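Below is one structure, written out as structure tokens; the observations come after it.
There are 2 protein chains.
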Amino acid sequence: MATAAAKPSTRSRILEAARELFWLKGYPETSVAEILEKAEANSGSFYYYFKSKEELLLAVLDYYVDLLYPEVMDQAFATTPDPIERVFAVLGGYRYALEMTGCTFGCPLGRVALEISDIPQAHEKVAINFQGWVNAVKKCLMDAGNRLPADVDRHQLAQFVLTVMEGAVMQARVHRSLEPFDNSVAQLRAYFRYLMSAPRVVRVKE
Amino acid sequence: MATAAAKPSTRSRILEAARELFWLKGYPETSVAEILEKAEANSGSFYYYFKSKEELLLAVLDYYVDLLYPEVMDQAFATTPDPIERVFAVLGGYRYALEMTGCTFGCPLGRVALEISDIPQAHEKVAINFQGWVNAVKKCLMDAGNRLPADVDRHQLAQFVLTVMEGAVMQARVHRSLEPFDNSVAQLRAYFRYLMSAPRVVRVKE
DNA sequence: GTCTATATATTGATAGAC
DNA sequence: GTCTATCAATATATAGAC
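For the record, the sequence lines run as chains A and B.
Be aware that the first sequence starts at 1, since it is given in my numbering, and climbs by one per residue.
Be aware that the second sequence starts at 1001, since it is given in my numbering, and climbs by one per residue.
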């Protein structure tokens, strides 16, 4: 017979609680005491597993690397076979997160990227996460083959998709509205439509 | 004869110190004590002018509204007559700020947008700042007249430019490199080139 | 490994003299 | 309006029993 799920280890409970609180409240605004309460753990356990709050942040950022596919990419890849549409399905996932949170919370890594300024290792780890995201999108763009012009740099375009996602999420957050997000994605779509459009004959001045 | 510049008022010294520190360290990580030290003021003066640290943040965000043209737009408008090139000159201003700070500091409002989550008034004021920015860019796009297709929504496109700026600045910050910024602007340029390209004859399948 | 109790520093904010 | 002194709360982190 099925047994009840075992309670996760203390360390992973702390990690999970921190991940959620850093996402909701930000790293500087989250106290160790709050993390402990949410994780149902004690101060002694915390400092047994982590040297400091700062080290916990770095562990959370490593954790996010593992979550890229299960939390961000897998669903888009599973439901959307067309590689170009997959890219927009990934963006749709962020739209859904905004929708579910009243347009308050989008990408937790973008938040760390801007709110932290004195922990260079944190930026390095966010950069690694961004690289993983960009590579996943780049893979889609490469899978699109010759539907995109050969001279379009896939890496640059994938980086641009991340740029648009982060900027769009930010604006949705401050406006508490999906409109700026949808507008930005609409413009990105127009750009892709152009890139994928049939060969053009440009009328030349006589 | 010329007199030495008068020392700014205590209130404006506090406001200016806060603006810079919130930009460099973020709002939660900046203590009132630091602001006072930088402003050469005392706790008593601070709470004479501001009800709380939170109210100071709101005052700083109002202050930014006044700084939009002098700090962000004026130079681009003065040096670049072409309205489309003006938009890219504005982006060039952010590139310069990144360059001058080792790719660590871009837009202070984007930072507040993501690091603050429990002060709705702060988001409202960032939204007002973003609106001003978008409107300034929108004005350029409208000045471009029929160089852009009539059916392109100027507001949506201006919002997209802000999206790209914020996302590009964020990536430059985490990578400590201008490359992601330049890549994103290059893609935005390609999109504008497309929008401004001569009327196209699309080859139709037979 | 987990617990409670606590050390030490710093936080935002206030009081009251001048 | 500006000053110093200080409050009360909270922060991260540690000590040492179990």
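Where is the CB? At the ideal position from N, CA and C, for every residue including glycine.
Remember, it's a predicted structure, so these values are computed and weren't measured experimentally.
Between GLY1110/B and chain A, the shortest Cβ-Cβ separation is below 8 Å. Boundaries of the alpha helix (DSSP H) around LYS53/A: 53-67.
In this structure VAL164/A is not in contact with CYS107/A, their Cβ atoms being roughly 12 Å apart against a cut-off of 8 Å. Using a Cβ-Cβ cut-off of 7 Å, ALA1150/B is close to nothing in chain A; its nearest Cβ partner there is about 14 Å away. Taking PRO81/A as reference, the option from LEU56/A, LEU114/A, GLU34/A and CYS140/A with the minimal CA-CA separation is CYS140/A. Under the Cβ criterion of 8 Å, GLY1026/B is counted among the residues facing chain A.
If you ignore the 5 residues before and after ARG1095/B, its C-beta comes within less than 8 Å of the C-beta of LEU1178, PHE1181, ASP1182 and VAL1185, all in its own chain and listed in chain order.
ARG19/A counts as buried, since at least 16 other C-beta atoms from the protein chains shown sit within 10 angstroms of its C-beta. Check the Cα spacing between GLU1099/B and each of HIS1175/B, PHE1192/B and ALA1017/B: the tightest is with HIS1175/B.
Secondary structure note for MET100/A: its alpha helix (DSSP H) is the uninterrupted segment 83-100. Under the three-state reduction of DSSP output, LYS1007/B falls in the coil class, being neither helix nor strand. Proximity of chain B to SER52/A at the Cβ level (cut-off 7 Å) is not reached, the minimal Cβ distance being about 16 Å. Within chain B, the C-beta atoms nearer than 8 Å to that of VAL126/A come from VAL1174, in chain order. Two segments are said to touch when three or more pairs of C-beta atoms, one from each, lie closer than 8 Å; by this definition the region 131-151 of chain A does not touch the region 1136-1151 of chain B.
Between VAL1112/B and LEU1061/B, the beta carbon gap of about 7 Å places them in contact (Cβ cut-off 8 Å).
Here the C-alpha atom of LEU1195/B lies approximately 30 Å from the C-alpha atom of GLY110/A. DSSP assignment within the region 1013-1059 of chain B yields the following whole alpha helix (DSSP H) runs of 4 residues or more, N-terminal first: 1032-1039 and 1043-1049.
Taken in chain order, the members of the region 28-42 of chain A whose beta-carbon sits within less than 9 Å of a beta-carbon on chain B are PRO28 and GLU29. Non-local C-beta neighbours of PHE105/A in its own chain, meaning closer than 8 Å and more than five positions away in sequence, comprise TRP23, LEU24, ALA97, LEU98 and ARG173, ordered along the chain. Taking 8 Å as the threshold, the shortest C-beta distance from ASN183/A to chain B falls below it. Minimum Cα-Cα distance from ALA76/A among the listed residues ALA89/A, TYR69/A, PHE50/A and ILE84/A corresponds to ALA89/A. Excluding sequence positions up to five before and after ALA41/A, its CB lies within less than 7 Å of the CB of THR10, ARG13 and ILE14, all in the same chain and listed in chain order. ALA1186/B reaches chain A at GLN156, counting residues in chain order whose Cβ is nearer than 8 Å.
Contact check for LEU58/A against GLN131/A fails: the beta carbons are separated by 8 Å or more. DSSP places ILE128/A in the helix class (H, G or I) of the three-state scheme. Taking the Cα of VAL1065/B as reference, the smallest distance to any Cα among GLU1124/B, CYS1103/B, ILE1084/B and ILE1119/B is reached at GLU1124/B.
The Cβ atoms of GLU1054/B and ILE1128/B lie no closer than 8 Å to each other. Taking C-beta atoms under 8 Å as the contact rule, GLY26/A and PRO1083/B fail to qualify, at a distance of about 38 Å.
Within the same chain, no residue comes within 6 Å of ALA1006/B by CB-CB distance, once the 5 residues on both sides are set aside.
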